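Residue numbers (the numbering used here), protein chains in the order written: chain A, 460 to 805; chain B, 66 to 366.
Listed below in structure tokens is the structure:
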């Protein structure tokens, strides 16, 4: 068995908020990431899915050390990141890079594209000559599908998809081993999404990269990932290979997510039984006892409120955190009692 | 399609390297379309030229009186085109010299406030938390001190000195600059590209220098063009009170003060310096407005 490049164990990132008045502090902690464990292997893609606000982006930032973790461990090729000095983390960021969600917002509007892509080179390799930097940058731009004569242009002169290509070039120019993609395509048009996803896959093959691909769109994650991690309220619900997630989801939350993917055929879409989730995600300030998903889970029993389900390792190597995962997969989804879901065309 | 047209297409499309237009170049083009701002720019250029070259061309000196003409009205015959003051000094030369001092005070005091204000504000805004709190409360405290009283005290303790005026005015004006820059920095530091720079291994100092300050420039340029006239006015006010520059040097404010005392007998000695002052202030304000429109067109469409 290959050994993982990144090992995350029981990672916790909490934010402290002051809910008190002007005179009295009243601190609470938001558990944005609460006990996440995952491994990333060389040249594989790990997809991370979950609703907005479940802590995906916080997890991404914590992996790069951009957000301090409160507890747990992040081991990158044997080096511990949690509690490491800022100086050490800064050096290590050459090996782990990030691609952001907002393509144009992550590019400095006052810099040319060439300067933007050259910035990591300048900070990580101060001894590189101007000529070398120029060559590397224009080579990188060609690799992501931009022309090298666009080097002197500014971000506002590019489309969203092109800006995202620049973001990819900036992440890859220093030859990282792992790239964290924080919803890299959710701000783009569907047609452009496919281009960017395919570009990432090509580059991964060419450069033998490991990718962590974060998204709330399951169909995109399905297209790129080898394994998928399902997050809810800062915790891992299920971690399984792609085929199991999509064909035999074990956790009720995973099932609900897959059911909610729209079918691009109006007749079938309308005929399909609605199994959407009820209600909103509970506040991470005050998470439910036991299983965090139980408040919205149609299969919840008393045990779910009393005991926190362990992330159980199954025979096939997949993991799931649910008390009832052995009995549930065959069971039909209970009918939703919301009446306003079917809108008749008459 | 024939071969020749295809070649022409090729040439037109990508056989040329494309030079990008930065946001500043864009802003400059927008500024050039604004008639008021262009006029202001020309007026300011002419004003600076006149103020610097004028005294050299004139046969008179700003200190030495012309013993034959006391308080004479403007006339080409005597060679005093703006007339003379009560003790026979040429008003044209004095207005130009006054202009030199007024513009110099405006520029230098603004420069002082610019350097202190931008550094202070950027650090406070970027560091945030307790450092920000302490730094901005200090600004509030200095704000609360009565400015005129402060200047008068300085003059009394250290004596009247032109450099003291630069420092005094700059020391007050940087407070506004620091507040504006801090606010802008607060919004900039949460932008994604700052996070991206951090992910690229940049240090805090590099982020402030490479990303925060260049992005502040737009707001700062606008504020500078609006601060210069404000500073000129403050200096004029100080001179009017008799606290500004010392004779025989002069400034527009001091000249207006002298002119006002002889308003009934020699109105020209008020008219000329006052109109030069007014035109300059107008021009700076128009230029500032034009720059503001040019640099953030999004807000005003």
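Idealized CB from N, CA, C, for every residue including glycine.
Bear in mind that the values here come from a model prediction, so they are computed numbers and not experimental data.
- Look at residue 216 (chain B) here: in three-state DSSP terms it is helix.
- At least one beta carbon of chain A lies nearer than 8 Å to the beta carbon of residue 266 (chain B).
- Assigned with DSSP and collapsed to three states, residue 288 (chain B) falls in helix.
- Within 9 Å of the CB of residue 567 (chain A), the CB atoms of chain B belong to 256, 258, 259, 261, 262, 275, 276, 279 and 280, in sequence order along the chain.
- Look at the beta carbons and you see the stretch 523-538 of chain A not touching the stretch 564-581 of chain A: under three pairs across the two are nearer than 8 Å.
- Per the coordinates, the alpha-carbon of residue 669 (chain A) lies some 15 Å from the alpha-carbon of residue 534 (chain A).
- Taking residue 502 (chain A) as reference, the option from A:637, A:549, A:595 and A:469 with the minimal CA-CA separation is A:637.
- Among the residues of chain A, those whose CB is under 8 Å from the CB of residue 271 (chain B) are 582, following chain order.
- CA-CA distance, residue 756 (chain A) to residue 711 (chain A), rounds to 7 Å.
- When secondary structure is reduced to three states using DSSP, residue 563 (chain A) falls in the coil class, being assigned neither helix nor strand.
- In this structure, residue 652 (chain A) lies near residue 679 (chain A), with their beta-carbon atoms less than 8 Å apart.
- By the 16-neighbour rule on beta-carbons within 10 angstroms, residue 208 (chain B) is exposed.
- Within the stretch 694-708 of chain A, contact with chain B at the beta-carbon level (separation under 9 Å) is assigned to no residue.
- Approximately 16 Å separates the beta-carbon atoms of residue 352 (chain B) and residue 298 (chain B); this is outside 8 Å, ruling out the contact.
- Ranked by Cα distance from residue 526 (chain A), the options B:328, B:261 and B:300 are led by B:261.
- Assignment of residue 792 (chain A) by DSSP, reduced to helix, strand and coil, places it in the coil class.
- Judged by DSSP secondary structure, residue 667 (chain A) falls outside any alpha helix (DSSP H); it is assigned neither H nor E.
- Annotation: the continuous beta strand (DSSP E) that includes residue 474 (chain A) extends over 465-477.
- At a Cβ-Cβ threshold of 8 Å, residue 770 (chain A) and residue 778 (chain A) count as neighbours.
- The criterion of a C-beta distance shorter than 8 Å is not satisfied by residue 216 (chain B) and residue 300 (chain B).
- The beta carbon of residue 627 (chain A) does not come within 8 Å of any beta carbon belonging to chain B, so the residue lies off that interface.
- For residue 559 (chain A), the chain B residues whose Cβ falls inside 8 Å of its Cβ are 257, 260 and 261, in order along the chain.
- The stretch 481-490 of chain A makes contact with the stretch 743-756 of chain A: 3 or more CB pairs, one atom from each, lie closer than 8 Å.
- The residue from B:315, B:226 and B:93 with its alpha-carbon nearest to that of residue 116 (chain B) is B:315.
- Residues 573, 576 and 577 of the same chain have their beta carbon placed closer than 6 Å to that of residue 596 (chain A), with the five preceding and five following residues left out of the count.
- Within the stretch 576-605 of chain A, those residues whose Cβ lies closer than 8 Å to any Cβ of chain B are, in chain order, 578, 579, 582 and 583.
- For residue 626 (chain A), the uninterrupted alpha helix (DSSP H) segment begins and ends at 619-631.
- Between the alpha carbons of residue 621 (chain A) and residue 183 (chain B) lies a gap of roughly 34 Å.
- Within the same chain, 163 and 338 come within 6 Å of residue 320 (chain B) by CB-CB distance, once the 5 residues on both sides are set aside.
- Collapsing the DSSP output to three states places residue 317 (chain B) in a helix.
- With contacts defined as CB atoms closer than 8 Å, residue 296 (chain B) and residue 232 (chain B) fail to qualify as a contacting pair.
- When secondary structure is reduced to three states using DSSP, residue 249 (chain B) falls in the helix class.
- Residue 621 (chain A) is outside the set of residues whose beta carbon lies under 8 Å from a beta carbon in chain B.
- Secondary structure of residue 152 (chain B) (DSSP, three-state): coil.
- Using a Cβ-Cβ cut-off of 8 Å, residue 564 (chain A) is close to 256, 257 and 258 of chain B, given in chain order.
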